[in-house]
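If you read the protein sequences in the order shown, they are chains A and B. Residue numbering for the first sequence is 192 to 562, as defined by my numbering. Residue numbering for the second sequence is 21 to 243, as defined by my numbering. Beta carbons: idealized from backbone N, C-alpha and C, even for Gly. Written out below as structure tokens is the structure these notes cover.
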Amino acid sequence: MIRLEKVTKIYPDGTEAVRGVSFEVVKGELCVLLGPSGCGKTTTMKMINRLSPVTTGSIYVDGLDNSAMDENELRRNIGYAIQDVGLFPHMTVGENIGTVPALKGWTKAEQRKRTQELLELLRMKPHEYIDKYPRELSGGERQRVGVARALGGNPPVLLMDEPFGAIDPITRLELQNEFLKIQQEIKKTIILVTHDIYEAIKMGDKIALMKEGQLVQYAPPADLLFRPQDSFVAGFVGADRGVKGLQLIRVKEVMWNSPPTANPDEKTESARKRMEQQGLDWLAVIDREGKFTGWAFASDTQGADRVEEITKTSTVAVGRNAVLSEALSLMLTSGSDVLAVVDQRNRLEGVVTFTTIQDTMREAVQKGVSS
Amino acid sequence: MMEAYQFILSHPDMVARWILDHVTISLVAMVIGAMLGCTLGVFIAGKGRERLADGILYLAEIMMTVPSLALFGFLMLLLGYVGLSAIGFLPAVITLIVYGQLPILRNTFTAIRQVDPALIQAGRGMGMTERQLLFKVKLPLALPVIMAGLRNAMVLVVGIAAIAALIGAGGLGVPIFRGLRNARMDLIIIGGVSVSVLSLLVDGVLALLERWMTPRGLRAGSK
Numbered sequence: 192m193i194r195l196e197k198v199t200k201i202y203p204d205g206t207e208a209v210r211g212v213s214f215e216v217v218k219g220e221l222c223v224l225l226g227p228s229g230c231g232k233t234t235t236m237k238m239i240n241r242l243s244p245v246t247t248g249s250i251y252v253d254g255l256d257n258s259a260m261d262e263n264e265l266r267r268n269i270g271y272a273i274q275d276v277g278l279f280p281h282m283t284v285g286e287n288i289g290t291v292p293a294l295k296g297w298t299k300a301e302q303r304k305r306t307q308e309l310l311e312l313l314r315m316k317p318h319e320y321i322d323k324y325p326r327e328l329s330g331g332e333r334q335r336v337g338v339a340r341a342l343g344g345n346p347p348v349l350l351m352d353e354p355f356g357a358i359d360p361i362t363r364l365e366l367q368n369e370f371l372k373i374q375q376e377i378k379k380t381i382i383l384v385t386h387d388i389y390e391a392i393k394m395g396d397k398i399a400l401m402k403e404g405q406l407v408q409y410a411p412p413a414d415l416l417f418r419p420q421d422s423f424v425a426g427f428v429g430a431d432r433g434v435k436g437l438q439l440i441r442v443k444e445v446m447w448n449s450p451p452t453a454n455p456d457e458k459t460e461s462a463r464k465r466m467e468q469q470g471l472d473w474l475a476v477i478d479r480e481g482k483f484t485g486w487a488f489a490s491d492t493q494g495a496d497r498v499e500e501i502t503k504t505s506t507v508a509v510g511r512n513a514v515l516s517e518a519l520s521l522m523l524t525s526g527s528d529v530l531a532v533v534d535q536r537n538r539l540e541g542v543v544t545f546t547t548i549q550d551t552m553r554e555a556v557q558k559g560v561s562s
Numbered sequence: 021m022m023e024a025y026q027f028i029l030s031h032p033d034m035v036a037r038w039i040l041d042h043v044t045i046s047l048v049a050m051v052i053g054a055m056l057g058c059t060l061g062v063f064i065a066g067k068g069r070e071r072l073a074d075g076i077l078y079l080a081e082i083m084m085t086v087p088s089l090a091l092f093g094f095l096m097l098l099l100g101y102v103g104l105s106a107i108g109f110l111p112a113v114i115t116l117i118v119y120g121q122l123p124i125l126r127n128t129f130t131a132i133r134q135v136d137p138a139l140i141q142a143g144r145g146m147g148m149t150e151r152q153l154l155f156k157v158k159l160p161l162a163l164p165v166i167m168a169g170l171r172n173a174m175v176l177v178v179g180i181a182a183i184a185a186l187i188g189a190g191g192l193g194v195p196i197f198r199g200l201r202n203a204r205m206d207l208i209i210i211g212g213v214s215v216s217v218l219s220l221l222v223d224g225v226l227a228l229l230e231r232w233m234t235p236r237g238l239r240a241g242s243k
């Protein structure tokens, strides 16, 4: 969808901002351009919509050489969200989002319909926000409108320059999660610039790590973490790549799919025996519909008749798509070293244990070191 | 004070004529000056015209420091040389246009230049042509500051227009200078007070206009 071939950018003063960068972003994928400031990542992005002309090399968007297209036509078909959001303060939210549709010559009715769709997509009530001015919005709301505006003309390609930059960490996390959900629906081809390694790992299908104008490694996040190409990559992703990997690996990849369970009506004695056989000191208690209700521990089995009596009721559970860091943080806050994995209707799907997480991370880091 | 009042009562046509002439000269000068100044201001604020902008703003500053009387005299010579009327309406209007240029030019230039580069980048990145960028982004955002410049210029022009009487252009300078020559306090008061009231009036009207033209999203304190 987007292909860069030996792209070089030399400024009139002789600075080489980008040197011989080639990579390709597949349709529907989110590619993160990552690197320290001054590495050429923003310049690389700006060459795609020709805000910055290339010195040598070519860039193809959807198979067409971007230098052969009319630059304004090109830009109207590439969504663009910038670092400082850049909402026009003299226009309403609706007018801001409708900028590209208006430039494309859509009718007023079409513009309004698109604006409403996008506000809904970003979970903002259209009637409440459409006529507001940017200064009446919170930082998080502005960022959302910025993203909505980039999607305005329904472009197949999106360029985002630190789109979640200027907001507090909690709102940023929320927006990132929401954006990932939205991306699953809209499947745009996206290039996102950031200097934040956590954001890159979280958002990227692929990461292009740049240094001094050159592309150092272009790979999925896990490869970057566990199979760094050289010492620069290893250094950039950091010594704590085990910890970062926690944000990468999902619960479903490591969970115990058919954990030992018990029913509330079951005799304590048989439950205890099962624990012994399995070499465990716990069983997950589920009701007749398979819903997770709590835990039965070996230490409580003395003198009780039925499992019901010794069940420690618990509502702490995690979804199968959560990343390991979430699971770990739930374990730490609930003070338990096993965690139930449930579906949306609270039915038990599996179990993750502290030991599993530990082993997974150790394995991943060792793999990275040995390669 | 009483004499001035009596004079107005006894010669209403004459006073009305002075005021009308004064307003006409000022307005014509202002309308032409605004069009000229804004266009030139937008032009010199363009990319790669920094040196031109420096030159033109410098020139406008120098023109401001030339005493108005000297400028009238100079224009009389120049217009006479090219065969145009050297006294009256034309040289008066030209002088006032020149005087009004500095505040208009400077404010327009500064206002356009001060538009947040991020907004310009955003507009360009979404595929706005330079023209669309100017009319949809830069001008609306620059409008409050440009209007403030026009206001300054207008007040200045209304004041200086009194001197136009010396080259036969009429206006409220007529009673002022006649009064000075003949020691007629009533005439001086009529001329002086009228010019002041006119200035305040113009300033007020333009202030309202400025507020009205400021885009809603930029207004402080409004919902």
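Exercise. Which value, in whole angstroms, describes the spacing of the CA atoms of Asp33 of chain B and Phe27 of chain B?
Worked result: 11 Å
For this session: Kindly list, in the order they appear in chain B, the residues whose Cβ is closer than 8 Å to that of Arg267 of chain A.
Result: Met146, Gly147
Problem set entry | Extent of the continuous alpha helix (DSSP H) to which Val225 of chain A belongs | Before going further, note that residue 225 of chain A is Leu rather than Val in the sequence given. Looking at the DSSP string, Leu225 of chain A is not in any alpha helix (DSSP H); the run it does join, the beta strand (DSSP E), is 221-225.
For this session: Check whether the Cβ of Gly277 of chain A lies closer than 7 Å to any Cβ atom in chain B.
Result: yes
Exercise. So, Ala399 of chain A versus Leu406 of chain A, is the Cβ gap smaller than 7 Å?
Worked result: yes
Exercise. Quick one: any contact between the region 103-117 of chain B and the region 46-56 of chain B, if contact means 3 or more CB pairs under 8 Å?
Worked result: yes
Problem set entry | Segment limits, alpha helix (DSSP H) that includes Ala36 of chain B | 32-64
For this session: Mind the definition here: the region 512-530 of chain A touches the region 161-168 of chain B only if three or more C-beta pairs lie below 8 Å; say whether that holds.
Result: no
For this session: Evaluate contact between the region 382-398 of chain A and the region 221-229 of chain A, counting only Cβ atoms and requiring at least three cross-stretch pairs below 8 Å.
Result: yes
Problem set entry | Inter-residue spacing [alpha-carbon to alpha-carbon] between Arg463 of chain A and Thr492 of chain A | 7 Å
For this session: Determine, using beta carbons only, whether Ile381 of chain A and Leu349 of chain A come nearer to each other than 7 Å.
Result: yes
Exercise. From the DSSP output, which residues share a beta bridge with Arg536 of chain A?
Worked result: Answer by DSSP bridge pairing: none, since Arg536 of chain A is not bridged.
For this session: Compute the Euclidean distance between the alpha carbons of Ile321 of chain A and Leu342 of chain A, then round it to the nearest angstrom.
Result: 16 Å
Exercise. Would the region 63-81 of chain B and the region 136-149 of chain B be scored as touching if the rule is three or more Cβ pairs under 8 Å?
Worked result: no
Exercise. What are the start and end residues of each continuous alpha helix (DSSP H) run of 4 or more residues lying completely inside the region 134-176 of chain B, in chain order?
Worked result: 137-145
Problem set entry | chain A contact for Leu154 of chain B (CB, 7 Å cutoff) | no
For this session: Tell me, please, whether the CB atom of Pro160 of chain B is closer than 7 Å to any CB atom in chain A?
Result: yes
Exercise. Under 8 Å Cβ-Cβ, which residues of chain B neighbour Arg333 of chain A?
Worked result: Chain B residues near Arg333 of chain A: none, gap ~12 Å exceeds 8 Å.
For this session: Could you tell me the boundaries of the beta strand (DSSP E) in which Gln405 of chain A lies?
Result: 405-410
For this session: Whole angstroms is fine: what's the gap from Gly429 of chain A's alpha carbon to Gly205 of chain A's?
Result: 32 Å
Exercise. Are there three or more Cβ pairs, one per stretch, closer than 8 Å when the region 217-225 of chain B is compared with the region 170-186 of chain B?
Worked result: yes
Exercise. According to the neighbour-count rule (16 or more other Cβ atoms, all chains shown, within 10 Å of its Cβ), is Gln121 of chain B buried or exposed?
Worked result: buried
Exercise. Can you tell which of A:Gly541, A:Met236, A:Asp275, A:Val276 has the C-alpha that lies nearest to the C-alpha of Asn257 of chain A?
Worked result: A:Met236
Exercise. At a CB-CB cut-off below 9 Å, which residues of chain A make contact with Gln134 of chain B?
Worked result: Per Cβ cutoff of 9 Å: no residues; Gln134 of chain B is ~13 Å from chain A at best.
For this session: Check whether the Cβ of Pro235 of chain B lies closer than 7 Å to any Cβ atom in chain A.
Result: yes
Exercise. Going straight from the alpha carbon of Glu23 of chain B to that of Leu89 of chain B, what length do you get?
Worked result: 30 Å
Exercise. Taking the alpha-carbon positions, what's the Lys378 of chain A to Gln557 of chain A distance?
Worked result: 34 Å
Exercise. Which partner residues does Arg194 of chain A have in the DSSP bridge list?
Worked result: A:Glu215, A:Tyr251
For this session: Starting from Val291 of chain A, trace the alpha helix (DSSP H) both ways and give me its first and last residue.
Result: 290-294
Exercise. Should the region 507-515 of chain A be regarded as contacting the region 422-442 of chain A, the criterion being three or more beta carbon pairs within less than 8 Å?
Worked result: yes
Exercise. Which whole-angstrom value is the C-beta distance of Thr502 of chain A and Gly481 of chain A, which I expect to be below 8 Å?
Worked result: Contact flag wrong, Cβ pair sits at about 15 Å.
For this session: Please confirm if Ala227 of chain B has its CB atom under 7 Å from at least one CB of chain A.
Result: no
Problem set entry | Per-residue DSSP class, three states only, for Phe94 of chain B | helix
For this session: Indicate the three-state DSSP secondary structure (helix, strand or coil) for Leu530 of chain A in the structure shown.
Result: strand
Exercise. What's the gap between the Cα of Leu91 of chain B and the Cα of Thr115 of chain B?
Worked result: 7 Å
Problem set entry | Contacts around Ala293 of chain A, its chain only, beta-carbon distance under 7 Å, and the 5 residues preceding and following it disregarded | Gln302
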